[in-house]
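Beneath this line is the structure, given in structure tokens, with notes to follow.
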């Protein structure tokens, strides 16, 4: 192993359950952060009840009913994490943020100055605890290369003492007994497990050429990681300086949305330039200058190559972190210059546009057009659907603002997925009404004696409905009808308790409606338009 | 040996805009190809291919369609939504939104995108039941009247199918500009739920669909639940669609999908009802939805 091949000695700082910490949840309070119906993070109290990452909402709520549910807000996570990174800047200026809640830096310089890796690690842990007012647990791992350092931060030793330092040169030995699934490359590790390679050490013993020949460049990357080398071969080069994209902001900008708007075009510009040169960016430096000459730099890293959308998101988070930080660390004036510098580039192995699926040129066109509409109508005017599941009309699909979704990285979902097939007792069977009234219009439903139809305490209709009037409009004769279907939701929560009886009613003109009787008054919940 | 640059021009008619000419050129190339390969006569191949490309790009309007569900084929003279056309969908007693959703089903399944603009309360779960691929579907809030034309213009071209709720008012110049843009970019503009105020827009439409004769099946007097709906769609239009037609559809059918009804079966309503009622109830309805006892 040549010196150039050896991974850079790296410290990874990992704040546990960052999404819950960023949401301001106390460690002894049960809470979980959800995204697309799955748990992405849980507070220590919720985890004590068996809530894990990746659980469905329903299952997680069953295990820990008292937990508060929070929606994921990556911008908030990044903004709060800026306080941690700002605190770590006392140790070293070049900190790269892998994602909010996790950052890494090279320790060669700082550990000499602060008296060795152990001492540096202790001081970092103490400083992060101080920055977060002791509200969050933080673990530190030091090893050769960010991958091994990240694993070191997850060891039981790190859990006990807050730090785990792998001695220089012993990283391969540290990695060897770890299960191969820690690579988090399921499509490769599934095969390797079946081939009998269960530990990282097993993989490291396979000749590199064979792994490359059989599994291609993803296999090579995994093999390098398993051997404790840097993820990228040493020829990963510093990019030529002319790849930098910068913009002078005139007039100076102090609002995040204005700056983010500029950043989005810059990210696309940079992406085009890189694409033109056949390069992909794995680490980008976001630089900003303020009116008073302050120079702000932050590095963001991405495991895969950063797409234009992903880069624009990171710039927006970072700007949010700077401009909305606590007054003590906030830049003293508005920004006058913004620059994106690709800090590490690798030859683009190609983001093959889909031939039979996956990402295609049509997807890119659509994303661009939607971004333009967002510019015209505001970021929340464009929505994309996501399955959520539910028993009421309009609950099964959640509309998510495009501002919080990256179309290029959006995980596809299919209606055939069992996610929305979960039993929702009381759901009106399909077909689903196509029009769910945002403000349900009132209705009057009367029987043959023109008496309003009611539902008895035993859940029976007082009489067969004969005529229907919507919004004090003309009377329509009822053709066919069924109901009442009773639904008593959230009886344990006085604030959100709803008790309703629903009817399906078809009038003689052929229109079908889903009516609902709640607290004595009829409304049209949805229409089968 | 210097290859002799033979151009097959004399074999193609001067007017190369018919598909007949394309077939002729293909025949020539196919017949001569063995000779070409033997001679390595690249000059000849290039010439032949060049004249082939002269012929190839010409496609007729009927070939340029956005794919639609097979069941909806009867609505369109060309078997699909003609690219660049303006379609007006409205209904007397419901069905316009579902039909508009169904129009975008096949194209999204095949990798195209659809966007729904200004249709508040649209539940895309229905779309999924009708076969719309939701991962390639986006929704845009109703734009303010002054932005309406700009927003629609921005998405035309990027989306194969653009479904819009009828605008409160639209200047004729804006409408013509949008139509021209749609023709140039090959998108289909579908306007749903027009009112009297958008009569001019309906007049301009290439295809006018009016949903009528809505009949729901599966619901009784105090029992059952909505299962299937048959609708009659009156189709009018311009040019090839000028002949008015009447198409009967299941939207949705008893299996939740769109189905075409063959006209002879229209009197077999009782059979259809039997078919619908014979379908077993979905398992989760057995316990949770108790049929209301007849009040007699």
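Residue numbers (the working numbering), protein chains in the order written: chain A, 1 to 529; chain B, 1 to 296. Cβ coordinates follow ideal geometry from the N, Cα and C atoms, glycine included.
Member of the options whose CA lies at the smallest distance from the CA of residue i
i, options, result
"residue 120(A)", "165(A), 68(A) and 103(A)", "165(A)"
"residue 94(A)", "438(A), 300(A), 326(A) and 327(A)", "300(A)"
"residue 188(B)", "199(B), 205(B) and 198(B)", "205(B)"
"residue 71(A)", "31(A), 62(A) and 49(A)", "31(A)"
"residue 156(A)", "169(A), 139(A) and 168(A)", "139(A)"
"residue 475(A)", "509(A), 133(A) and 189(A)", "509(A)"
"residue 478(A)", "502(A), 512(A) and 493(A)", "512(A)"
"residue 434(A)", "23(B), 202(B) and 96(B)", "96(B)"
"residue 397(A)", "137(B), 81(B) and 252(B)", "137(B)"
"residue 102(B)", "86(B), 128(B) and 85(B)", "128(B)"
"residue 375(A)", "126(B), 140(B) and 104(B)", "140(B)"
"residue 347(A)", "371(A), 280(A) and 312(A)", "280(A)"
"residue 452(A)", "189(A), 170(A), 266(A) and 467(A)", "467(A)"
Cβ neighbours of residue i in the same chain (closer than 7 Å, five flanking residues each side left out)
i, result
"residue 424(A)", "389, 390 and 391"
"residue 66(A)", "30"
"residue 586(A)", "The shown model of chain A, from 1 to 529, leaves out residue 586(A), and the question about it has no answer."
"residue 56(A)", "37 and 38"
Residue i - DSSP class collapsed to helix/strand/coil
i, result
"residue 513(A)", "strand"
"residue 385(A)", "strand"
"residue 323(A)", "helix"
"residue 290(A)", "strand"
"residue 427(A)", "coil"
"residue 110(B)", "coil"
"residue 29(A)", "coil"
"residue 117(A)", "helix"
"residue 160(A)", "helix"
"residue 524(A)", "strand"
"residue 449(A)", "coil"
"residue 91(A)", "coil"
"residue 12(A)", "strand"
"residue 471(A)", "coil"
"residue 309(A)", "helix"
"residue 261(A)", "helix"
"residue 42(A)", "strand"
"residue 529(A)", "coil"
"residue 75(A)", "helix"
"residue 18(A)", "helix"
"residue 266(A)", "helix"
"residue 485(A)", "strand"
"residue 69(B)", "coil"
"residue 130(B)", "helix"
"residue 83(A)", "helix"
"residue 441(A)", "coil"
"residue 281(B)", "Legend: pLDDT at residue 281(B) = 44, less than 50; position of this residue unreliable, no value from coordinates given."
Contact set for residue i: own chain, Cβ-Cβ below 8 Å, skip 5 residues either direction
i, result
"residue 283(A)", "96, 299, 300, 301, 302, 342, 343 and 344"
"residue 194(B)", "88, 90, 166, 201 and 202"
"residue 395(A)", "388 and 389"
Spatial neighbours of residue i in its chain, beta-carbon cut-off 6 Å, leaving aside the 5 residues before and after
i, result
"residue 441(A)", "470, 471 and 524"
"residue 20(A)", "31, 33, 41 and 43"
"residue 238(B)", "206"
"residue 254(A)", "334"
"residue 487(A)", "426 and 500"
Residue i: CB within 7 Å of a non-hydrogen atom of the ligand COA
i, result
"residue 159(B)", "In terms of ligand content, the structure shown is empty, and the ligand COA therefore cannot be addressed."
Cβ-Cβ distance between residue i and residue j below 8 Å
i, j, result
"residue 178(B)", "residue 153(B)", "yes"
"residue 256(B)", "residue 480(A)", "no"
"residue 330(A)", "residue 260(A)", "no"
"residue 9(A)", "residue 108(A)", "yes"
"residue 438(A)", "residue 94(B)", "no"
"residue 144(A)", "residue 168(A)", "yes"
"residue 105(B)", "residue 132(B)", "yes"
"residue 15(A)", "residue 85(A)", "no"
"residue 149(B)", "residue 174(B)", "yes"
"residue 214(A)", "residue 288(A)", "no"
Original post:
Do the segment 109–126 of chain B and the segment 194–214 of chain B make contact, defined as three or more Cβ pairs closer than 8 Å?
Top reply: no
**OP:** Take every Cβ of the segment 199–213 of chain A, pair it with every Cβ of the segment 172–188 of chain A, and state whether three or more of those distances are shorter than 8 Å.
**Re:** yes
Original post:
Pairing CB atoms from the segment 116–131 of chain A with CB atoms from the segment 72–79 of chain A, are three or more of them under 8 Å?
Top reply: no
Original post:
Given 8 Å as the limit, is there contact between the segment 246–260 of chain B and the segment 221–236 of chain B, that is, 3 or more CB pairs closer than that?
Top reply: yes
Original post:
At a cut of 8 Å, does the segment 129–139 of chain A reach the segment 105–115 of chain A through at least three beta carbon pairs?
Top reply: no
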